[in-house]
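Single-structure report; data block below.
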Amino acid sequence: MAQRFLPREEHDREGVCRLAGVVAGLVILIMSVTGALLAFKPQIQRFVDRDVRVVQPPDVAALAARLTAIAEAPSASRRNMRSGSDGTK
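Taking the numbering used here as reference, the numbering of the sequence shown is continuous, increasing by one, and the terminal residue is 129.
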């Protein structure tokens, strides 16, 4: 295999160009990945928030029974509302 014999200046220039190419390639890669993430932002957010966005309907029968029990139970606050806040009628 033949070796390349380059003057020192050309060898250094080749290394600098290679380094610049690697840095530019990394910048372009990062821009591509972030651009793709922004393009799919709604789908990604829907996937991440899938557990939070689901609302379970309340058990209407249990809620009605609880409200009925609260309404039928004698309460000190309900008595105060009937007689006034200072206890007078």
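Note that CB positions come from ideal geometry on N, CA and C, so glycine has one too.
**Asked** Where do the N-terminal and C-terminal ends of the alpha helix (DSSP H) with R90 fall, by residue?
**Response** For this step, residue 90 is matched to residue 50 along the sequence shown. Neither: R90 is in no alpha helix (DSSP H) and is coded neither H nor E.
**Sequence-distant residues of the same chain with beta carbon closer than 8 Å to L77, five excluded per side** = For this step, residue 77 is matched to residue 37 along the sequence shown. Taken in chain order, the residues that qualify are I84.
**Message:** Which of the three DSSP states is assigned to A113 in this structure?
**Reply:** Counted from its first residue, the sequence shown places residue 113 at position 73. DSSP places A113 in coil when its eight states are reduced to three.
**Asked** DSSP on R83, reduced to helix/strand/coil?
**Response** Walking along the sequence shown from the start, residue 83 turns up at place 43. The identity of residue 83 in the sequence shown is Gln, whereas the question assumes Arg. Note: Q83 maps to helix in three-state DSSP.
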